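Everything in the sequence shown is counted per numbering that gives the first Met the number 0, starting at 0 for the first residue and increasing by one. Below is one structure; the comments refer to it alone.
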Amino acid sequence: MLTDYFLYSDVVMIATTQRHLVNIDILLSDIEMQESGFYAGAEHQKYLNDLLRELSALEGMLEHETVHSFQQAVSSAGLENVFKDKRLVSIYQKLISNVLAYWHTVNKIDDILASRFDSHSEKRLELLQAKASRAKSVFKTVAMAMGKNDYSQFITLLGLQHTDWAWRE
Numbered sequence: 000m001l002t003d004y005f006l007y008s009d010v011v012m013i014a015t016t017q018r019h020l021v022n023i024d025i026l027l028s029d030i031e032m033q034e035s036g037f038y039a040g041a042e043h044q045k046y047l048n049d050l051l052r053e054l055s056a057l058e059g060m061l062e063h064e065t066v067h068s069f070q071q072a073v074s075s076a077g078l079e080n081v082f083k084d085k086r087l088v089s090i091y092q093k094l095i096s097n098v099l100a101y102w103h104t105v106n107k108i109d110d111i112l113a114s115r116f117d118s119h120s121e122k123r124l125e126l127l128q129a130k131a132s133r134a135k136s137v138f139k140t141v142a143m144a145m146g147k148n149d150y151s152q153f154i155t156l157l158g159l160q161h162t163d164w165a166w167r168e
C-alpha cells in the first residue's frame, strides 16, 4: 500500500513536470510567431512573465527529478535543445527576471522624462538609471557564464534580438 502511494506520487510529479514543459513549449512557440515590432511591448512582457511563472513552477518540481527523468521529460516535450541541463531552468529565470526588471525600469525612466521634470524627478531618474544598469549588468554576467551558443539560443527563443542584449566579449 505504501509503495502504491510512492508510485502514484512519482507519476503525479512526472505529469506535473511534463505539463510545465508543455506550457513552456507553447509559450516559446507563441513568442517565435510574433512580428518584429513585438520587442519589449506589453505582449512580449506578458509572454516573458508567463514563461517566468512556468519556469518557477518547473524549478520547484526539479528537486524531485533525477537528471535522467528530467532529460526524459524534456525530450518527450521536444525541448531537449532548450534545456540540455537542469541548471538552465534557473539560469533562464535569472535572465528573464533581469530583462523584465530592465524594461520596467526603462519605462519608468521614459515616463519621468516625458512628464514635468523637477528636483525630485532628477533624483528618481538617477536611481532608476542605476537600477537599469544593474539589471543589465547582472544579465550580462549570467549570460557570459552561460556561454555564447546557449546564450544565442536563449536570445532567439525569447525574441530578444536587440542591441540591448547583443553578445559582447
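All residues carry an ideal CB built from backbone N, CA and C; glycine is no exception. Computed from a prediction, not measured in an experiment: that's the story for all the values here.
Please confirm whether residue i and residue j have their CB atoms less than 8 angstroms apart.
i	j	result
residue 69	residue 61	yes
residue 158	residue 44	no
residue 53	residue 23	yes
residue 161	residue 38	yes
residue 129	residue 108	no
residue 17	residue 76	yes
residue 170	residue 27	Residue 170 is absent from the model: the chain starts at 0 and stops at 168.
residue 100	residue 142	no
residue 89	residue 58	yes
residue 81	residue 156	yes
residue 66	residue 83	no
residue 138	residue 94	yes
In terms of residue numbering, what span does the alpha helix (DSSP H) encompassing residue i cover?
i	result
residue 38	Element bounds for residue 38: n/a, residue is neither H nor E.
residue 123	118-145
residue 71	66-75
residue 163	From DSSP, residue 163 is part of no alpha helix (DSSP H); its letter is neither H nor E.
residue 86	86-113
Would you call residue i buried or exposed, if buried means 16 or more other Cβ atoms sit within 10 Å of its Cβ?
i	result
residue 104	buried
residue 116	exposed
residue 166	exposed
residue 168	exposed
residue 112	exposed
residue 3	Its pLDDT being 47, under 50, residue 3 is placed unreliably in this model, and the coordinates cannot settle the point.
residue 30	buried
residue 125	exposed
residue 64	buried
residue 10	Residue placement at residue 10 is flagged as unreliable, the pLDDT there being 48, under the threshold of 50; the coordinate-derived value follows with that caveat. Counting Cβ neighbours within 10 Å, residue 10 comes out exposed, since fewer than 16 surround it.
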